[in-house]
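The block underneath contains the structure these notes are about, expressed in structure tokens.
2 protein chains.
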Amino acid sequence: MIKTNLKVLQLIEKIARDTANVILKTFKKGEYIVQQNEKPKIVYIIKKGITKCFITEENGKDYVLDFSSAGEIIGEVELLTHKDQYFSTIEALTILEVYVIPKVVFDQLNNEDNDFNMLIKEVLAHRLMNTSKRSSYQQIYPLLYSVLKIIYDFGQLDEHISKQDLANYLGITVRSLNRTLQELVDKKIITINEVDNFEIKNAPLLIKTIEQFY
Amino acid sequence: MIKTNLKVLQLIEKIARDTANVILKTFKKGEYIVQQNEKPKIVYIIKKGITKCFITEENGKDYVLDFSSAGEIIGEVELLTHKDQYFSTIEALTILEVYVIPKVVFDQLNNEDNDFNMLIKEVLAHRLMNTSKRSSYQQIYPLLYSVLKIIYDFGQLDEHISKQDLANYLGITVRSLNRTLQELVDKKIITINEVDNFEIKNAPLLIKTIEQFY
DNA sequence: TGGTGTCAAGGACAAATGTCTTACTATTCA
DNA sequence: TGAATAGTAAGACATTTGTCCTTGACACCA
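So the sequences go chain by chain: Y and A.
The numbering used here puts the first sequence at residues 1 to 214.
The numbering used here puts the second sequence at residues 1001 to 1214.
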């Protein structure tokens, strides 16, 4: 559920070795890599660390689109669609190392490096499918199943992802998330451990419960 | 809100004229162009007519991803990601004419026709942005605003889109949709006309109401 | 030490949405 | 014609989720 893309990482590492066009940059925890409504000029590819990608709506509420790590691309959608604003904000949840790819280099890679070109298309298609499926899942099923699915995917909650972030990812309030987690504890599917994190207690029961809905 | 893409339409029409690789096919209203879980072999581009793209979840409920018309592409995501199943079903809501592009021709166009290649990338990026934005909007705002937005985008409900389809697009039940429409009638923002369709009654009020949330 | 601020958790209530059922309308067909 | 059927709308109630507020734990500091 924290997305990664090994193929992209390997390709950009190769490109970085072979040319001087791509450089490394480091962000501190909490810094924004790109900010919603800023003018897009650069594409980034994550080398190391975890980011949160989110949209801030006019009423001030955030919706988290995904959590990403090594090999995930940032800002390519805006350049490909020739938009003059990023439509989401990317925040570093940990210390973050990224490859910096200026617009001209990105355009050049798209036109001249067929591996890069094909990989970008594949990444876009994958994301579109995942986003669509997730959108469907969250709209159709009650909250409990979405939380079950996250626990199933995660194993346990990553320490860098706060409950507020997780709630924003699910499109709900922290109150609702807590209620649902409590319900899962009551049903003896998970336990809440000493660092206020949840853990799977009864994996077979979890899987059985999930399978009812898959 | 019924999506179209003029650039894609023009390009595929040119390709169809220049080569014998692309043929036309007609579907009747209610027929499936592609079906979830079928093996992907063909990409279609809509020439004329309206389709509904939806995901059927395990519990039998449908979530409508979009309504599409001329120039919209079908099945390209599955081919680009090398999946062995379509992840959604495409149904003809009217008589439908499509260009049929077999997998080998699609691959060839991607590799040899740079205009086609770039356009596909742009289409994928656009869709990804739209899907993400919509997902965010529907999760963050209450139903009333999503319905307002649809009415604003539509002007009025297309006759080929049933209330059930519209409800599935919003991820809600028809009961909830009716309740929300009634609320808008009570507030004198819309009227329900003789063909059981809704119409904007008080456009300035509608716009004013929407703008509170944009 | 004790005061103060911050934050996470959860209780109580309100609001939104879903489920189930009934009623109404129109259509088909024996 | 009239019974059966399907589709739509909405009432009543149940369930889910959000909002608001209180409590308790902890850190920081005068």
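Ideal Cβ placement from N, Cα and C applies to all residues, glycine included.
From a predicted model like this one, the values you see are computed outputs, not experimental measurements.
With a minimum length of 3 residues, the unbroken runs of beta strand (DSSP E) contained wholly in the stretch 1067 to 1095 of chain A fall at 1089 to 1092. For I46 of chain Y, the enclosing beta strand (DSSP E) stretches over residues I42 to K48. Residue-level contact by beta carbon fails for N1037 of chain A and chain Y, as no gap is shorter than 8 Å. Assigned with DSSP and collapsed to three states, T1173 of chain A falls in coil, not helix or strand. With fewer than 16 other Cβ atoms from the protein chains shown falling within 10 Å of its own Cβ, R17 of chain Y counts as exposed. V1043 of chain A and R175 of chain Y have their C-alpha atoms spaced approximately 45 Å apart. Nearest neighbour of Q10 of chain Y by Cα position, chosen from Y:F27, Y:I45 and Y:E31, turns out to be Y:I45. In this structure, the CA atom of R127 of chain Y is about 7 Å from the CA atom of L1128 of chain A.
Between K1121 of chain A and K121 of chain Y, the gap from beta carbon to beta carbon is short of 8 Å. Within the stretch 119 to 130 of chain Y, I120, K121, E122, L124, A125, H126, R127, L128 and M129 place their CB atoms closer than 7 Å to a CB of chain A, listed in sequence order. Interface criterion met: the Cβ of G171 of chain Y is under 8 Å from a Cβ in chain A. Of the residues Y:I172, Y:V98 and Y:E159, the one whose Cα lies closest to the Cα of V147 of chain Y is Y:I172. The criterion of a C-beta distance shorter than 8 Å is not satisfied by L1119 of chain A and H1160 of chain A.
For I55 of chain Y, the enclosing beta strand (DSSP E) covers residues T51 to T56. In this structure, P1040 of chain A sits near E1078 of chain A, with a CB-CB distance shorter than 8 Å. Listed in chain order, the non-local C-beta contacts of L144 of chain Y below 8 Å within the same chain comprise T180, E183 and L184, local neighbours out to five positions each way being set aside. A:I1055 is the residue among A:M1001, A:T1019, A:I1055 and A:I1012 whose C-alpha sits nearest the C-alpha of T131 of chain Y. Taking 8 Å as the cut-off between beta carbons, the residues of the stretch 1131 to 1156 of chain A near chain Y are T1131, S1132, K1133, R1134, S1135, S1136, Y1137, Q1138, Q1139, I1140 and Y1141, in sequence order.
Neighbourhood of K7 of chain Y in chain A, by CB distance below 8 Å: empty, with the nearest CB roughly 12 Å away. Relative to S1135 of chain A, the option among Y:T89, Y:I150, Y:Y63 and Y:E97 whose CA is nearest is Y:Y63. Remark: C-beta atoms of I140 of chain Y and E1057 of chain A approach each other more closely than 8 Å. About 15 Å separates the Cβ atoms of E97 of chain Y and G30 of chain Y, ruling out a contact at the 8 Å cut-off. F1027 of chain A is bridged by DSSP to A:L1096.
When DSSP states are grouped into helix, strand and coil, V34 of chain Y belongs to the strand group. DSSP places K3 of chain Y in the strand class (E or B) of the three-state scheme.
Taking all protein chains shown into account, Q1138 of chain A has 16 or more neighbouring C-beta atoms within 10 Å of its C-beta and is therefore buried. In this structure, the alpha-carbon of L24 of chain Y lies about 15 Å from that of S69 of chain Y. The Cβ of F1087 of chain A sits closer than 8 Å to at least one Cβ of chain Y. Shortest Cα-Cα distance from T1081 of chain A to any of A:L1109, A:L1124 and A:C1053 involves A:L1124. If you check each beta-carbon in the stretch 73 to 103 of chain Y against every beta-carbon of chain A, the ones closer than 9 Å belong to E76, V77, E78, L79, L80, T81, H82, K83, F87 and S88. Looking only at A:N1005, A:I1012, A:G1060 and A:S1088, the smallest Cα-Cα distance to N1110 of chain A is reached by A:I1012. For T191 of chain Y, the secondary structure class from DSSP, reduced to helix, strand or coil, is strand.
In the structure shown, V104 of chain Y falls within a helical segment according to DSSP collapsed to helix, strand and coil. The bridge partners DSSP lists for V1123 of chain A come to none.
Approximately 22 Å separates the beta-carbon atoms of Y1099 of chain A and Q1036 of chain A; this is outside 8 Å, ruling out the contact. Excluding five sequence positions before and after T1004 of chain A, the CB atoms of its chain that fall closer than 6 Å to its own CB belong to S1069, A1070 and G1071, given in chain order.
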